[in-house]
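Peer 1: This is the structure I have questions about; it appears just below.
Protein chains in written order, with full-length UniProt numbering: chain A, 1 to 316; chain B, 1 to 316; chain C, 1 to 316; chain D, 1 to 316; chain E, 1 to 316; chain F, 1 to 316.
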């Protein structure tokens, strides 16, 4: 298999096809223009500079273009950066598209769709089952396309469904180990908890927050969707079944400071919150380790409140 | 006018009609039963003990009964407490009801209803006007009966509407002083901001939190009501008008730690939050001063994060 | 099966055998002596008062005695309390011992011993396997007898081993779901993480903190034990294997504020911390729900930072 | 009216007169010198770079000079920045002075002076009236010239008096709405609360903190001034009138963490604190909105603890 | 020497002269009156109950009376409490006064006066020397009589001067060890830092906060005194000498949260703050150890943020 | 004596010998290479840029090289920076070594060694004396060479021993002033408290954290060393003597948030903590003052939680 962006070492010269994710035209201190690029393939994204860019280059190499690049991997302020030596448009016959260069969930979409279908039968409480089925259907397209976050963790196409299924799997194991847990409620909460992100975020490419996302937030957005679904399904929104389902979803950030308007007061809400954190932190540790040499510490990770992560040499 | 509960001084003997708000039968250390009462009239509530209660007294003097009481005001752990000397049922011919002994808002209900009617015409944005009109109509009865809180501030019958109107008045003055403020939005937000308390709380007497109140909270509850109202009125819930109205309401506690899922990002949301705090703290200071002698400091007030309040002798 | 202490309802009269866990002689305000007792059976502990105690009763009914009790369940400050009507020594022929009245782990000791034996073979890294085997052997007796905490969670005989195995089971599932996790390290960390409690606490009955527990704390105490074990086994304490094992154990409280001298910087340390919190909070929710009627909220739980817990009526 | 600095859009070429607020000579990475300027007119300040500056330019274009500038508006790290194309000294015949390029309060100085004169008659308590009159007279010049802060809010010439009067207006409305408020005390407190800034800050141009400002702070500085005024007016500094006035001023930051040595314990102190915050946050929101396109969010605002501000498209 | 209050052990019967510090008449649950006393001698204070008090006893045994007491030491809620068996007025011929029963500083007043006189000559900066001399003279009587705090540390007659001298001694040693420290400034700051307590507190017996103490606080009160002294001595209050002296005094609590309006920005201010904390915490540890058996932990100490203190058996 | 790096003023041209502490090859925006250097002599370190570096220069001027430098002192972002004009290798005949350019403790090593030898005799408790002697011997070389921190305070060769002795001197004075302090324990704790830094840090030149330092931390590392020493000396690690010694060392950071697993519960632990902070903050103030002009404020100091430090002009 061809080498990817992140397969090349410091100071190594590379030649490969990449996607231009963004391209800013800037003026250097000597008055010349250069292009500050972000280049990507399925191994990740890396910034790169094309110095002394001429008018033609500026015109050709805009965001969304797929290019054949010659470059050298350097370091800038402790982070990898490319010195771009040459860019050329790729051969159209290769029929490459942006999707060939985007990180995706390590599980195929169809497999996720199938599993979710099966899961719905495991929610034995009819109220919760109907709400979940209704909302997953309503947001079907985006649920399998969106990332789970703008940055930090599962920030790739399909990340939302993938992260959701990771939590479902954890939830199933916990329900097996602690049999008094209400598995229906836990599964329903797990499937819905981050679904508001399909409204909060703009999509899987160049992800930003929408106006609704900033002003309302995904937790309240999914709560509203549940209430509207209940209305459409002619369910009583003040029945206990609907109160506990909304509570479990509203409380899943655990603390008011993290944006939940209530702290978990129901066992399944507490478990969902902790499994959500567990899966997210495993993903952040994995990211950090992937960019760190064995025997070394990563840089400080914002999403881990500034901790460094150690990449052990010991594997067993 | 007859003297009220709080008009009597320490060690003074009193004789007056009061409402029994609660009555707990307890066993003293010498084995005898006594009744731990909470007595109330329009000046407020005070605990009182009826020692050595006999079976007949225990039967007669239950919560909700109106009684003629002889008692002495004492102090227990720095707070007023009654030593109840005698209780008798009141003469039925007086036709007294519990409502005669309940603290109420210092503004008549009809006057509040009239003012709110007028206010609706000052919301010139049709989306906001329709939503507010719809929801005030839906919760009309409770809006004028409920307190604004379980304890702390405006914890009396009609307190919710009264607190709401206080904020409306402040909002009108602020809009006049800062003409770029969107007065329609500020008024709409002010009228709706605490309306969820009609679902969060149980009522104006012996107020407790409902299950919905504990599990969802009044901020999310009113947000859901707005969304359902929009649905009923066939308005687009993701239009900017509806996003900013919900944002202003959702953000009115100002900080995530205080239960808002988002911090105010719109001027009118910030103003509503600060006026809400201003009116609440004026009410808490007034309460504290009312129970403190001039020239003295009150006990520490929980709702003011443990501060004492000074009652100045200087009046001018 | 005979009814236990917690099977009786409020105001119900009971008659059963219980263990006196503590007995304080106090003087009532009328000058008479009474005994403030804590009574227990396998359903839990409850305080009780024996009023007007005579000299003989004071002499007979001391801590550790097993008695036949007649009593009424009452409520004092929102918590259950017994009014003890009569106490008598139990018939010696019943051959009851204190252990018959103590809460124990819901898993038999031998089963736990067997499982731990098997687990040692799953730690494939020889350094970690040797350390774990050495320390579990050294603290074998106490590991299966001690509670996992003085109060809050798993505060019963055998609670330490039981809590440890719960985490082991969670850890095994997580390792299966995330195959890059170093299962050996996670299991070794899980088995050792709370072993210092055998030095920090005094035992399973009337548990208190030892001087070493207060002055050093169980996290540092087990770290010291690991270092001494390494010394005894002639292992290099500054090898990576030993550094990461100690790190995982030292970091398992997650935050400096919770007593870990370092935050988790290794994936397995992060996971161990989160599984530890998960199991502890499930146990605290279960406790709270067990003492709360369906459809009601518990009192505020200290170990859950003052949250109330809701006991849903919905079971499915 | 001629276009101002902030009237030009991104990438637009401009030609206008501006004041050089600061000019730093720096060496570019290619060894050439350039001038890092801050340019200003009444629409605000903007940084600008004059690349490849020669010795003559370096000599001519120093801080305080008024220049005719040709430039292009660019963006640097998300903030506006000028690429300066040409600078020339302005025609002396225009008789422009620095004051023509400085932001000023949106209220004329004389109008503010007149209103303050009238206000003194509304302080009916003679002690407070004399203290306020004495201190406003003592600091008369600076009170009408200084900004209310170095940055964040009301950071313009006359900002101190303007911010003070805004709070006075709010205070008058609150006093009308809550008639038990001691308006004399609230007005006296409002007029004095930030007067210490005339000692804490260096002036309205290139504002910095003075040594006294850093070491003592404006809250203590005005308290000292009150005490000295009382001494000069032969008033008893330990009378209640003087204690409550000082308290209201000392407590106006509300929290110890914000530099008040005491939290408000008097109603008027609490109100002053909240009105101060209200006016300041309105000003900060206005600033943020002014630099943000409708329908967009501002950058994160330091003075609003890192919040973004939304500029609604809805105006009514 | 006769045995003191704290020399008697639990359950031991005692007979000795004590001062009644306070006497509250209360009604027991059986309807009888009793007196809740606080008794004191130079070993400390202890609460005590005189049950079934008759009218004569209630009249005789009021606060301030010196009595001959027979009592038994008991424990109530983990703290010592006396069961008072008999009280009688002391023989007047003994000529005992309240001062014979009050805890005092472990250093004679005259010795403290003498040392302070000497210290003034070591402040070589004339501005600081004049200010300190002026203020110590002005508050001479109270400085040697007042406690250093209402509770927590040095809460005894003469405690203020004694605590001040402890810090002076620490300051002298630090100045010797770090010769670049400005000893004059450090000594001046040490002598003045808590002098505001003579205005903040009511005196050495039944110490309470004054109105000025609550509303202004001792830090600002001494700062005002410095400014007035400077005025009286015709010194420029904005000279550096006076700014740094005030800063050192204002900043001595170290953090805004602890009531300093500024944090230490001058070396001597930082040192004064840390020595103040050091002496206070030594006194709190000593208090806690004095009430704890060797080998045991004290109860949780409020002034040490809830820590327990260990009393080691090891003495060397 | 020859002028040192920090003796030259802004814009002054200098010529002197310096050590290259680090040398990074970077590419300027114009495509040319330059060397980003850190230069040092005994007056401190300063960054410097050698623009347009040729291949020969890049090869010659690497970290560790001693060079004769011509440069001009400039300012970059408020901090001193050198524009390097010329570099040449120094004459080998001068026999200069890196040690001639490193900041060292202001006390000769031999003097420190001698004093520590004497100190051991003042620890009269044989357990503590043996442990301290054993560990100081074990880490003898590094104890006198290592810095006390990577940055912030005492970050120079010999800083660890020097900081330790400073605290010892403070401890001796405190023990003299408060005679009930256990001087043996305080001295033993002072001598050991930071000894773990010999394992936590990499050395005195280009100091970094070791893997053990990051994963375990110096507090736990020295605690482990004490336990191993006790083992080697056949002392009981759970004797009170060893518990209190470990406690004093473990608690010396004072707060859990600062990395101590326990807060000080023994007087000597509290004192050690406060003396440690005192010496560290004096060193940080001294550093800040040394880089600040009299009458000016330093930049914000990270180690002093962002405070500025004032350099008074007043010296007496």
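Idealized CB from N, CA, C, for every residue including glycine. Note that this is a predicted model, so its numbers are computed, not measured.
Counting C-beta neighbours from all protein chains within 10 Å, is the total for residue 190 of chain F 16 or more, i.e. buried, or is it exposed?
Peer 2: Here residue 190 of chain F corresponds to residue number 190 of the sixth chain, with the count starting at 1. Label assigned to residue 190 of chain F: buried.
Peer 1: Residues bridged to residue 20 of chain A by DSSP?
Peer 2: For the purposes of this step, residue 20 of chain A is taken as the residue at position 20 of the first chain. Answer is A:39, bridged to residue 20 of chain A.
Peer 1: Looking at the C-beta of residue 142 of chain D, does it have a partner C-beta in chain E at a distance below 7 Å?
Peer 2: On the fourth chain, residue 142 of chain D is found 142 positions in, with the first residue counted as 1. It does not; no Cβ of chain E falls within 7 Å.
Peer 1: Residues of chain D with CB under 7 Å from residue 373 of chain E, in chain order?
Peer 2: Because chain E in this structure spans residues 1 to 316, residue 373 of chain E falls outside the shown range and cannot be described.
Peer 1: Under 7 Å, CB to CB, which of the residues in the region 286 to 304 of chain F have a partner in chain D?
Peer 2: Under the 7 Å Cβ criterion, the region 286 to 304 of chain F contributes 297.
Peer 1: According to the Cβ coordinates, are residue 237 of chain D and residue 227 of chain D closer than 7 Å?
Peer 2: Residue numbering aside, residue 237 of chain D sits at position 237 when the fourth chain is read from its first letter. Residue numbering aside, residue 227 of chain D sits at position 227 when the fourth chain is read from its first letter. Yes.
Peer 1: Excluding the 5 residues flanking residue 166 of chain B on each side, which residues of the same chain have their C-beta closer than 7 Å to its C-beta?
Peer 2: Start at 1 with the first residue of the second chain, and residue 166 of chain B comes out as number 166. Within the same chain, Cβ atoms closer than 7 Å to the Cβ of residue 166 of chain B are found at 279, the five residues on either side in sequence being excluded.
Peer 1: Closest to residue 201 of chain F by CA distance: which of F:243, F:155, F:107 and F:128 is it?
Peer 2: As a working note, residue 201 of chain F is residue 201 in the sixth chain. Checking every option, the nearest Cα to that of residue 201 of chain F belongs to F:155.
Peer 1: Between residue 278 of chain D and chain B, is any beta-carbon pair separated by less than 7 Å?
Peer 2: What you label residue 278 of chain D is simply residue 278 of the fourth chain in a count that begins at 1. Cβ-Cβ to chain B under 7 Å: yes for residue 278 of chain D.
Peer 1: Applying the 10 Å Cβ sphere with the 16-neighbour rule, what's the burial state of residue 324 of chain A?
Peer 2: Here chain A has residues from 1 to 316 only, and residue 324 of chain A is not among them.
Peer 1: Please list, in chain order, the residues of the region 6 to 19 of chain E that have any C-beta partner in chain C closer than 8 Å.
Peer 2: none
Peer 1: Measure the C-alpha to C-alpha separation of residue 13 of chain D and residue 126 of chain B and round it to an integer number of angstroms.
Peer 2: Position 13 of the fourth chain holds residue 13 of chain D. Position 126 of the second chain holds residue 126 of chain B. Per the coordinates, the alpha-carbon of residue 13 of chain D lies some 42 Å from the alpha-carbon of residue 126 of chain B.
Peer 1: Once DSSP output is grouped into helix, strand and coil, what is the label at residue 66 of chain D?
Peer 2: Counting from 1 along the fourth chain, the entry for residue 66 of chain D is found at position 66. DSSP places residue 66 of chain D in strand when its eight states are reduced to three.
Peer 1: Residue 123 of chain F and residue 187 of chain F: beta carbons closer than 7 Å?
Peer 2: Here residue 123 of chain F corresponds to residue number 123 of the sixth chain, with the count starting at 1. Here residue 187 of chain F corresponds to residue number 187 of the sixth chain, with the count starting at 1. Cβ distance < 7 Å, so residue 123 of chain F and residue 187 of chain F count as in contact.
Peer 1: State whether the region 195 to 215 of chain A contacts the region 110 to 120 of chain A, with contact taken as three or more CB pairs (one from each stretch) at a distance under 8 Å.
Peer 2: no
Peer 1: Is residue 224 of chain C helix, strand or coil by DSSP?
Peer 2: For the purposes of this step, residue 224 of chain C is taken as residue 224 along the third chain, with counting starting at 1. Here residue 224 of chain C sits in helix by DSSP.
Peer 1: For residue 293 of chain E, collect the residues of the same chain with a Cβ closer than 8 Å to its Cβ; drop the 5 residues on either side in sequence, then sort them by chain order.
Peer 2: Working through the fifth chain from its first residue, we reach residue 293 of chain E at position 293. The answer, listed in chain order, is 311.
Peer 1: Counting only the same chain and skipping the five closest in sequence on each side, list residues whose C-beta sits under 8 Å from that of residue 198 of chain F.
Peer 2: What you label residue 198 of chain F is simply residue 198 of the sixth chain in a count that begins at 1. The answer, listed in chain order, is 139, 142, 143, 146 and 160.
Peer 1: What is the DSSP secondary structure of residue 112 of chain C, counted as helix, strand or coil?
Peer 2: As a working note, residue 112 of chain C is residue 112 in the third chain. Under the three-state reduction of DSSP, residue 112 of chain C is assigned to helix.
Peer 1: I'd like the span of the alpha helix (DSSP H) that includes residue 126 of chain E, first residue to last.
Peer 2: Within the fifth chain, residue 126 of chain E is the residue found at index 126, counting from 1. First-last of the alpha helix (DSSP H) with residue 126 of chain E: 126 to 138.
Peer 1: Establish whether the CB of residue 308 of chain F and some CB of chain E are separated by less than 7 Å.
Peer 2: Looking up residue 308 of chain F in the sixth chain gives position 308. Using a CB distance cut-off of 7 Å, residue 308 of chain F counts as an interface residue toward chain E.
Peer 1: Tell me, please, which residues DSSP counts as bridged to residue 305 of chain D.
Peer 2: Along the fourth chain, one-based indexing puts residue 305 of chain D at 305. In the DSSP output, where bridge partners are listed per residue, residue 305 of chain D has none listed.
Peer 1: Helix, strand or coil for residue 76 of chain E? Go by DSSP, reduced to three states.
Peer 2: Numbered from 1 along the fifth chain, position 76 holds the residue referred to as residue 76 of chain E. Residue state, collapsed to three classes: strand.
Peer 1: In angstroms with no decimal places, state the Cα-to-Cα distance between residue 33 of chain F and residue 50 of chain F.
Peer 2: As a working note, residue 33 of chain F is residue 33 in the sixth chain. As a working note, residue 50 of chain F is residue 50 in the sixth chain. Residue 33 of chain F and residue 50 of chain F: Cα-Cα distance of roughly 9 Å.
Peer 1: Give the range of the beta strand (DSSP E) segment to which residue 277 of chain A is assigned.
Peer 2: What you label residue 277 of chain A is simply residue 277 of the first chain in a count that begins at 1. Element bounds for residue 277 of chain A: not the beta strand (DSSP E) but the alpha helix (DSSP H), 267 to 290.
Peer 1: With 16 as the cutoff for other CB atoms within 10 Å, does residue 232 of chain A come out buried or exposed?
Peer 2: Here residue 232 of chain A is taken as the residue at index 232 of the first chain, counted from 1. Exposed is the call here.
Peer 1: What residue range is occupied by the uninterrupted alpha helix (DSSP H) comprising residue 183 of chain D?
Peer 2: Counting from 1 along the fourth chain, the entry for residue 183 of chain D is found at position 183. Start and end: 183 to 192.
Peer 1: Are the region 130 to 139 of chain E and the region 252 to 259 of chain E in contact at 8 Å, needing three or more beta carbon pairs?
Peer 2: no
Peer 1: Apply the 10 Å Cβ neighbour rule to residue 75 of chain D and answer buried if 16 or more other Cβ atoms are within range, or exposed otherwise.
Peer 2: In the fourth chain, residue 75 of chain D corresponds to position 75, counting from 1. Label assigned to residue 75 of chain D: exposed.
Peer 1: Can you tell me the Cα-Cα spacing of residue 304 of chain F and residue 266 of chain E, whole angstroms?
Peer 2: As a first step, residue 304 of chain F is located in the sixth chain; it is residue number 304 there, counting from the start. As a first step, residue 266 of chain E is located in the fifth chain; it is residue number 266 there, counting from the start. Roughly 12 Å separates the two Cα atoms.
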